[in-house]
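Quick note on numbering that gives the first Met the number 0: the sequence shown kicks off at 0 and runs consecutively.
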Amino acid sequence: MSTASLVPLPIVLPLFGAALSVVLGRSRVAQRAISLAVLAAMAVVSVALLVEADREGHVVQVAGGWSAPLGIALVVDRLAGIMLVVSTIVLLAVMIYAVGQGSQDQERVSFHPLYLVLAAGVSASFITGDLFNLFVAFEMMLAASYVLITLGGRPDQVRSGMTYVVISLVASTLFISVLALLYAATGTVNMADLSVRLAEVDPGLRAAFSVMLLVVFGIKAGLFPLFFWLPDSYPTAPGPVTAIFAGLLTKVGVYAIIRTQLLMFDTPEWLGTTLLWVAGSTMVVGVLGAIAQDDMKRILAFHIISQIGYMILGLGLLTVAGIAAAVFYVIHHIIVKTTLFLVAGLVDRRAGTSRLSEMGGLVRSAPVIAALFAVPALSLAGLPPFSGFLAKFALVDAGLDADRWVIVAVSLAVGLFTLFSMTKIWAGVFWGERDSEPTRAPLVGGRLGSPVWMVIATGGLVAASLAFSIWAGPLHELSLRAAADLMDPARYVDAVLGGRP
Numbered sequence: 000m001s002t003a004s005l006v007p008l009p010i011v012l013p014l015f016g017a018a019l020s021v022v023l024g025r026s027r028v029a030q031r032a033i034s035l036a037v038l039a040a041m042a043v044v045s046v047a048l049l050v051e052a053d054r055e056g057h058v059v060q061v062a063g064g065w066s067a068p069l070g071i072a073l074v075v076d077r078l079a080g081i082m083l084v085v086s087t088i089v090l091l092a093v094m095i096y097a098v099g100q101g102s103q104d105q106e107r108v109s110f111h112p113l114y115l116v117l118a119a120g121v122s123a124s125f126i127t128g129d130l131f132n133l134f135v136a137f138e139m140m141l142a143a144s145y146v147l148i149t150l151g152g153r154p155d156q157v158r159s160g161m162t163y164v165v166i167s168l169v170a171s172t173l174f175i176s177v178l179a180l181l182y183a184a185t186g187t188v189n190m191a192d193l194s195v196r197l198a199e200v201d202p203g204l205r206a207a208f209s210v211m212l213l214v215v216f217g218i219k220a221g222l223f224p225l226f227f228w229l230p231d232s233y234p235t236a237p238g239p240v241t242a243i244f245a246g247l248l249t250k251v252g253v254y255a256i257i258r259t260q261l262l263m264f265d266t267p268e269w270l271g272t273t274l275l276w277v278a279g280s281t282m283v284v285g286v287l288g289a290i291a292q293d294d295m296k297r298i299l300a301f302h303i304i305s306q307i308g309y310m311i312l313g314l315g316l317l318t319v320a321g322i323a324a325a326v327f328y329v330i331h332h333i334i335v336k337t338t339l340f341l342v343a344g345l346v347d348r349r350a351g352t353s354r355l356s357e358m359g360g361l362v363r364s365a366p367v368i369a370a371l372f373a374v375p376a377l378s379l380a381g382l383p384p385f386s387g388f389l390a391k392f393a394l395v396d397a398g399l400d401a402d403r404w405v406i407v408a409v410s411l412a413v414g415l416f417t418l419f420s421m422t423k424i425w426a427g428v429f430w431g432e433r434d435s436e437p438t439r440a441p442l443v444g445g446r447l448g449s450p451v452w453m454v455i456a457t458g459g460l461v462a463a464s465l466a467f468s469i470w471a472g473p474l475h476e477l478s479l480r481a482a483a484d485l486m487d488p489a490r491y492v493d494a495v496l497g498g499r500p
């Protein structure tokens, strides 16, 4: 079996698993086994696809035997391969964490099918070769997320979930409208074909399409000023759902921005400068919002916004080094941010609350949770030798090479404020004493502070973050190769269209 035949599996496997999970919905043991087996198989397939993509440049599969652009193209290049591998790792870790919750997991018959549909949508977003199927992938992902974000049915969940649903529907409506206009102007929605045909479109219209797609994906990524829905929506969801949303969903938006802007448009310098302004504003607003919070989950939610700014900074530099640093940063952030929200779930169970004023002293009563928090927190703040320092160093180095001194200074200042907010969490949750009693009784006691499989899943992602630091050199070289592909869209076009004009 050729490697190209593996390309649809990251989409097909979770959809098949979701259907089987519905059929066997009476058995929680069967649902858990299906979810874990499917996600483990996806991880193996994703690694195989990344290895092949790194060796050959692109792995392409066109559905139904129709050649592109008529056929539905699925494409795995180095960037898509990287995103597949990292996303399946965190999807598997979060599923282990969810299973480790025990009774909470058992109560949700729909959790496993919805989670697998979400996994299929994430994978499809990374490997689809045309914009309409990217829209379909987004809707698949969002349809599952609409239910997952309100699991539990608490009034605050429903209220925040409605904000998420409405904003997502607005973004989807705008997306399908842009697709219709693109098809009217070019006669295609295949991204490789659009790369060729948009070059023949009036420059003003091409710039308008570029900005419209940037707005669509900017809403999904949480860019300034389109981020307002995020801080209220994510913290109210169940722990595993919050973790996977925080780690993956906004990065799908970032991926779509990078893919479309570099493949389909001859990105002009003014757009790069605009992206840098947006990146700087996103970083500053996000970190200031984090500092103002008294709730651990809300602090981390605002940091999602802030850290997205770093990724857009790399894109706005419009250099191979900048794009490579953005890809490198995305890998780091998916792992670290997912880990931090898993730790927040452990803290919530152990302390009965996520408010800093209602916690304190967990470093003595639950030292394992404290250790699990320390590594990703220091990494997010950018302290050496952790992954965040290496990712930020790559961005700063690329920014200095491009003579973008102001945005580099902003990124360094935001890093200091990030460290301050992580110190605030440490002082409030682990080091200090509580100012008031928690609103709920703790669910778990003991030195571990949480069920063992939840701790193991979180510890696995902490280990992955440390492995990122150890193998930072090879990972950065892979990111450089991915960036070189992105900056030369002709490679992608040739791979998909087979060299045809």
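Glycine included, each C-beta is placed from N, C-alpha and C at the ideal position.
Item	Value
Using the three-state DSSP reduction, which class does A291 fall into: helix, strand or coil?	coil
Beta-carbon within less than 6 Å of A72's beta-carbon, same chain only, minus the 5 sequence neighbours each way: which residues are those?	V61, G128, V495
Could you tell me the distance, in whole angstroms, from the CA atom of R54 to the CA atom of I81?	13 Å
Quick one: grab the DSSP three-state call for H302.	helix
Within this structure, are the beta carbons of V89 and L460 separated by less than 8 Å?	yes
What does DSSP give as the partner residue(s) for Q60 in the beta ladder?	L73
Please report how far the alpha carbon of T522 lies from the alpha carbon of V395, in whole angstroms.	This structure does not reach residue 522, given that the chain is present from 0 up to 500, and the question cannot be answered.
CB-CB under 8 Å to T249, same chain, minus the five flanking residues each way: which ones, in chain order?	K219, A220, G221, L229, I303, I307
Alpha carbon to alpha carbon, how far is I33 from T338? Give it in angstroms, no decimals.	24 Å
Does the structure place the stretch 397-406 close enough to the stretch 355-364 that three or more beta carbon pairs sit under 8 Å?	no
Can you find the residues in the same chain that come closer than 8 Å, C-beta to C-beta, to V428, ignoring five residues on each side of it along the sequence?	M295, V346, A350, L355, M358, G359, L361, F372
Could you check if P500 is buried or exposed, using at least 16 other CB atoms within 10 Å of its CB as the buried criterion?	Bear in mind that the predicted position of P500 carries a pLDDT of just 41, short of 50, making it unreliable; the figure below should be weighed with that in mind. Burial call: exposed.
Alpha carbon to alpha carbon, how far is S144 from V37? Give it in angstroms, no decimals.	19 Å
With a CB to CB cut of under 8 Å and the five nearest residues on each side skipped, what residues in its chain are close to V214?	L173, L225
Exposed or buried, L341, counting other C-beta atoms within 10 Å across all chains shown (16 or more means buried)?	buried
Return yes when the Cβ of A123 is within less than 8 Å of the Cβ of I298, no when it is not.	no
Can you give me the start and stop residues for the alpha helix (DSSP H) that G344 sits inside?	319-350
Taking C-beta to C-beta, are L533 and L147 nearer than 8 Å?	Since the first residue shown for the chain is 0 and the last is 500, residue 533 is missing from the structure and cannot be characterised.
Between which two residues does the alpha helix (DSSP H) carrying Q260 extend?	249-263
Which residues in the same chain as T187 place their Cβ atom closer than 7 Å to its Cβ, once the five residues preceding and following it in sequence are excluded?	P68, L193, R196
Thinking C-beta only, is F216 closer than 8 Å to A278?	no
Using the C-alpha atoms, what's the distance from F137 back to H111?	19 Å
I want to know whether the stretch 236-250 touches the stretch 273-293 - three or more CB-CB distances under 8 Å.	no
Give me whichever residues DSSP pairs with N189 in a beta bridge.	D129
Alpha carbons only, please: which of W425, N189, K391 is nearest the one belonging to A409?	The question names Ala, but residue 409 in the sequence shown is Val. The shortest Cα separation from V409 among W425, N189, K391 belongs to K391.
In whole angstroms, what separates the C-alpha of V325 from that of P237?	Per the sequence presented here, residue 325 reads as Ala, with Val not at that position. Those two C-alpha atoms are separated by around 29 Å.
Mind the definition here: the stretch 43-53 touches the stretch 283-295 only if three or more C-beta pairs lie below 8 Å; say whether that holds.	no
R354 bridges to which residues according to DSSP?	D294
Could you check which residue in L141, L130, L415, G70 has the C-alpha nearest to that of G120?	L141
Apart from the five residues just before and just after V58, which ones in its own chain have a Cβ nearer than 7 Å to its Cβ?	T2, A3, V6, L48, E51, A52, V75
In terms of residues, what are the limits of the alpha helix (DSSP H) holding W452?	451-469
Is DSSP giving D104 helix, strand or coil here?	Per-residue confidence for D104 stands at a pLDDT of 44, beneath the threshold of 50, marking its modelled position as unreliable; no derived number is given.
Enumerate in chain order the residues of its own chain whose CB-to-CB distance from F125 is below 6 Å, with the five nearest sequence positions on each side excluded.	A79, M82, L83
Rounded to the nearest angstrom, what separates L418 and A426 at their Cα positions?	12 Å
Along the chain, where does the alpha helix (DSSP H) that runs through Y233 open and close?	Segment: none, Y233 is in no alpha helix (DSSP H) and carries neither H nor E.
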